[in-house]
Amino acid sequence: MNTAVKLWQEMLVKLETSVSALNIDLWIKELEPLIVADTRLILCAPSVKSKEIVTNNLKGDIMEALKSISGAIDDVVIIDPVDRPIYVEDEPDAYVTEDYYSQGVAKKSTSQISVKYTFENFIVGKSNEYMHAGARGVAEMPGQQFNPLFIHGGSGLGKTHIMHAIGNAVAVMYPKLKVLYVSSEKFLNEFIESVRKNKPKQFREKYRTIDILMIDDIQFISGKSAMQEELFHTFNAMHGAEKQLIFTADRQPHEIRGLEDRLVTRLSGGLTVDVQVPDSELRAAILTSKALAHRVKIEPKVITFMAEKVFTNVRDLEGLLNRVVFLSRLRNSAPTLEMVAEAIKDVGVKSEEAVTADRVFDCVCRYFSISKDDLIGKKKTKEIVEVRHICMYLIGEIVGLPLMRVAECFGKKDHSTVIHARDKVLESMQSNIKTKLAVQDIKDMVHKK
0 MNTAVKLWQE MLVKLETSVS ALNIDLWIKE LEPLIVADTR LILCAPSVKS KEIVTNNLKG
60 DIMEALKSIS GAIDDVVIID PVDRPIYVED EPDAYVTEDY YSQGVAKKST SQISVKYTFE
120 NFIVGKSNEY MHAGARGVAE MPGQQFNPLF IHGGSGLGKT HIMHAIGNAV AVMYPKLKVL
180 YVSSEKFLNE FIESVRKNKP KQFREKYRTI DILMIDDIQF ISGKSAMQEE LFHTFNAMHG
240 AEKQLIFTAD RQPHEIRGLE DRLVTRLSGG LTVDVQVPDS ELRAAILTSK ALAHRVKIEP
300 KVITFMAEKV FTNVRDLEGL LNRVVFLSRL RNSAPTLEMV AEAIKDVGVK SEEAVTADRV
360 FDCVCRYFSI SKDDLIGKKK TKEIVEVRHI CMYLIGEIVG LPLMRVAECF GKKDHSTVIH
420 ARDKVLESMQ SNIKTKLAVQ DIKDMVHKK
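The numbering of the sequence shown is numbering that gives the first Met the number 0, which starts it at 0 and goes up by one.
Right, dumping it as structure tokens:
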């Protein structure tokens, strides 16, 4: 743990005695400790507005807490993402800005890795266990296995978190390796700028001398031939030197339209894993973990009520929890079911309350041309069993019913069959494109896309 993070964690405890819980949750906890530069602690706010509010209203409290902990630090600098500092390999405690580089100092390695996202605070479940295992393998042996690692799935399901987790793990196990995380938009913009200024050499040196390169949302380079040409050669140079490449996208390489075949082949040449929407059990685990981080006690029935709402991604789930915590602090009472219902309306979270198990049954039966009687009956032919498993999986995921209630829909007395069905479908979706397409098609039918 670096000095800034350790110092910040101690300060959070101190701040609880001088700052209201509401201000801590809304503003203080959103700050990210970056580095200690000389006698200054550098904190990054999530936005310009947040920076202004903290600087104008809470910096004095932060300074008081800081002085009570460390006499070596005499100032706090709060920046926004635009001014976010980067690390120089030979000077890990230096606060380095773009102005520093403009003075002629050689630019070393930038990571852009957030210390907030680690393997330790990533909640693992059936929907993301393959992604987690692949990421762990890469972090332990970068460039040696699973190269490239390609992760695909919907927005807000943890892809970016897991990339930062890899970077943080590598920083501990292989501190001399140069790691860079970059969005595809930033990668594209830097490439365009290098072409505009006729400085392609600097661009290539920056990216091809990295030991681990992570590019997020690679689908956005679709149709950009010059960018794809550059990425193709960067890929070859790094892969040939056994340097690790990691990519994320919202779909598999071959499903990205406008992506050249030679890139599709390379992106698919390592380990390709997908991440699914978390089921209600994983959502409950995530909520419980996040509630602990907020230091808020939430009754199991409230957690269950929140988790059983079908959300498209974890980001929506966190947004709902933040709103519930806000209402709880505001009203000085424990979170309630009524607060959850109010929060859903306030934050505009997409709930699938209108979707019922009967609707899923209907769509599955129509898709596979099978009767509901056969689906919930005792027939055990391979075809019937496979469809039954898919139906169980979809009811659990889309409707968000607890496993026992899914079992009851099929006349089962315990939920072990549902667990087995879920695991079989998730496994099949990893290896069988027909299963994956069928699941997606039925989801589209259920949601009337």
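Just so it is clear, CB atoms sit at the ideal spot from N, CA and C, and this is done for glycine as well.
The structure presented is a predicted model; accordingly, all values stated were derived computationally and were not measured.
Considering residue i, what are the terminal residues of the beta strand (DSSP E) in which it resides?
{"i": "E31", "result": "E31 to A36"}
{"i": "Y180", "result": "V178 to S182"}
{"i": "A240", "result": "First-last for A240: undefined, no H or E at that position."}
{"i": "D449", "result": "Nothing about residue 449 can be reported from this structure: the residues present for the chain run from 0 to 448 only."}
{"i": "D24", "result": "Taken as a continuous stretch (DSSP letters only), D24 belongs to no beta strand (DSSP E), as it is neither H nor E."}
{"i": "L11", "result": "No beta strand (DSSP E) holds L11; the alpha helix (DSSP H) holding it covers T2 to L14."}
{"i": "L57", "result": "L57 -> no beta strand (DSSP E), and no H or E assigned at all."}
{"i": "I41", "result": "R39 to C43"}
Within 10 angstroms of the Cβ of residue i, are there 16 or more other Cβ atoms? Answer buried if so, exposed if not.
{"i": "E426", "result": "exposed"}
{"i": "D260", "result": "exposed"}
{"i": "A292", "result": "exposed"}
{"i": "D273", "result": "buried"}
{"i": "R282", "result": "buried"}
{"i": "D60", "result": "buried"}
{"i": "L436", "result": "exposed"}
{"i": "K200", "result": "exposed"}
{"i": "M403", "result": "exposed"}
{"i": "P174", "result": "exposed"}
{"i": "D315", "result": "buried"}
{"i": "H151", "result": "buried"}
{"i": "S183", "result": "buried"}
{"i": "L336", "result": "exposed"}
{"i": "D440", "result": "exposed"}
{"i": "M428", "result": "buried"}
Would you kindly check if the distance between the Cβ of residue j and the Cβ of residue i is under 7 Å?
{"i": "A36", "j": "I77", "result": "no"}
{"i": "A138", "j": "A168", "result": "yes"}
{"i": "Y392", "j": "R421", "result": "yes"}
{"i": "I328", "j": "L30", "result": "Reading the sequence as shown, one finds Arg at residue 328 and not Ile. No; because the gap between Cβ atoms is not below 7 Å, this pair is not in contact."}
{"i": "P147", "j": "G239", "result": "no"}
{"i": "V313", "j": "G153", "result": "no"}
{"i": "S126", "j": "Q275", "result": "yes"}
{"i": "D210", "j": "G395", "result": "no"}
{"i": "G142", "j": "E241", "result": "yes"}
{"i": "V354", "j": "V424", "result": "no"}
{"i": "A71", "j": "Y116", "result": "no"}
{"i": "V445", "j": "C362", "result": "yes"}
{"i": "R39", "j": "D74", "result": "yes"}
{"i": "R387", "j": "L400", "result": "no"}
{"i": "P334", "j": "V301", "result": "yes"}
{"i": "I122", "j": "S368", "result": "no"}
{"i": "V323", "j": "A340", "result": "no"}
{"i": "L266", "j": "F149", "result": "yes"}
{"i": "A3", "j": "I52", "result": "no"}
{"i": "H419", "j": "A406", "result": "no"}
{"i": "T233", "j": "R195", "result": "no"}
{"i": "Q227", "j": "Y180", "result": "no"}
Check whether the Cβ of residue i sits closer than 6 Å to any heavy atom of the ligand ZN, and report yes or no.
{"i": "P299", "result": "Absence of the ligand ZN from the depicted structure is noted, as is the absence of any ligand whatsoever, leaving it without description."}
Over what stretch of residues does the alpha helix (DSSP H) that includes residue i continue unbroken?
{"i": "V76", "result": "Where V76 is concerned, there is no enclosing alpha helix (DSSP H), although the beta strand (DSSP E) it sits in stretches over D74 to I78."}
{"i": "L425", "result": "S415 to S430"}
{"i": "L402", "result": "L402 to C408"}
{"i": "E204", "result": "P199 to R207"}
{"i": "Y129", "result": "E128 to E139"}
For this session: Output the residue ranges of the alpha helix (DSSP H) runs that lie fully inside the region 309-388 and measure 4 residues or longer, sorted by chain position.
Result: 313-330, 336-346, 356-367 and 371-375
Problem set entry | Start-end ranges of the alpha helix (DSSP H) lying completely within the region 251-299, minimum 4 residues | Listed in chain order, the complete alpha helix (DSSP H) runs (minimum 4 residues) inside the region 251-299 are 260-266 and 279-293.
Exercise. Could you give the uninterrupted runs of the beta strand (DSSP E) lying entirely in the region 144-172, keeping only those of 3 residues or more?
Worked result: Those beta strand (DSSP E) runs which fall completely within the region 144-172 and span 3+ residues are 148-152.
Problem set entry | the region 155-164 / the region 212-227 touching (three or more Cβ pairs under 8 Å) | Yes: at least three Cβ pairs fall under 8 Å.
Problem set entry | Contact between the region 188-197 and the region 299-319 (3+ Cβ pairs under 8 Å) | no
Problem set entry | Three-pair Cβ contact test at 8 Å for the region 8-22 versus the region 50-68 | yes
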